[in-house]
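K.L.:
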Amino acid sequence: MKRRYADSFFGKRVYKGWNLEKGLTWRIGPQRIRFFLWRVVHGALLTNKVRVDRHLTIDAGCKICNVHVETPIHVLRDCPFAAEVWRKIVDQGSHADFFSSPLSSWLQQNLSSINNNFSPTVYAWVPWHLVFGIACDCLWRRKNKKIFQDLTLSVPSLCNQIMSIVPNVFKAYKEGINISYGSNPSRAITVRWFPPHEN
1 MKRRYADSFF GKRVYKGWNL EKGLTWRIGP QRIRFFLWRV VHGALLTNKV RVDRHLTIDA
61 GCKICNVHVE TPIHVLRDCP FAAEVWRKIV DQGSHADFFS SPLSSWLQQN LSSINNNFSP
121 TVYAWVPWHL VFGIACDCLW RRKNKKIFQD LTLSVPSLCN QIMSIVPNVF KAYKEGINIS
181 YGSNPSRAIT VRWFPPHEN
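Residue numbers (full-length UniProt numbering): 1 to 199.
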């Protein structure tokens with residue numbers, strides 16, 4: 001019963017058969033983006049298709065292109081807006097591979113720790129999974145801003161936003177790694193409370 005409820009509420013997992021503990025580095029980066037990627041991997045992204053399935057709305061269409069049903073792969077890659085963003089971010093020689101996979105394969109190849117095939121020279125110094133996660137998160141937030149706040153962002157503006165976030169996140173991530181490996185060792189100090197003097 002619990003499993004059936006979880007499947008109906010959260011949707012089916014899209015990774016079927018993956019071992020999430022091996023090969024995927026979706027746990028690296030800001031917590032908000034890690035949680036977002038976790039929701040994508042586990043089929044828990046609240047797209048219009050899912051909202052229709054849960055009887056929260058009657059329209060499963062994409063509010064960006066107004067043509068296709070809004071599914072996770074559509075919002076994150078196949079919507080004409082998202083596809084244009086990816087064409088500017090992904091290395092040109094990799095477009096055919098990048099745009100041809102189903103959702104589970106697409107996530108697996110882009111979140112794997114060894115994959116850096118899609119990274120253009122602009123992002124060559126950053127792990128691809130970090131660029132990928134930030135870009136997916138920005139696409140999702142842009143879609144929500146369009147729907148809930150009626151704010152639009154052009155493709156060049158969103159690409160600039162992604163390009164400004166990536167170096168900052170990577171720098172913070174690298175500094176976090178250095179700290180955790182002892183470049184700034186912490187030291188233990190004893191703290192004790194002393195009662196005030198009575199006069």
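Backbone N, C-alpha and C define an ideal beta-carbon position, used for all residues, glycine too.
For clarity, every value in this text was computed on a predicted model and none was experimentally measured.
Decide if the segment 151–163 is in contact with the segment 79–96; the criterion is three or more beta carbon pairs, one per stretch, under 8 Å apart.
P.N.:
Because the criterion of three Cβ pairs below 8 Å is met, the segment 151–163 and the segment 79–96 touch.
K.L.:
Using 8 Å for Cβ pairs, my map puts H95 next to N110. What's the rounded Cβ distance?
P.N.:
Not a contact, Cβ separation roughly 14 Å.
K.L.:
Beta-carbon separation of W106 and R77 under 8 Å?
P.N.:
Contact flag set, yes.
K.L.:
According to DSSP, is G133 part of a helix, a strand, or is it coil?
P.N.:
Note: G133 maps to helix in three-state DSSP.
K.L.:
Please tell me whether F36 and W193 are closer than 8 Å, where the distance is taken between their beta carbons.
P.N.:
Against a cut-off of 8 Å, the Cβ pair of W193 and F36 comes out as no contact.
K.L.:
Can you check which of these residues, S100, P127, I64, K171, is closest to P151 by C-alpha distance?
P.N.:
Checking the sequence, you will find Leu at residue 151 rather than Pro. It is I64 whose Cα lies nearest to the Cα of L151.
K.L.:
Following a CB-centred definition, is L130 positioned closer than 7 Å to any heavy atom of the ligand GDP?
P.N.:
Questions concerning the ligand GDP fall outside what the structure shown contains, since it holds no ligand whatsoever.
K.L.:
In angstroms, rounded to a whole number, what distance separates the CA positions of V90 and F98?
P.N.:
Roughly 8 Å between the two C-alpha positions.
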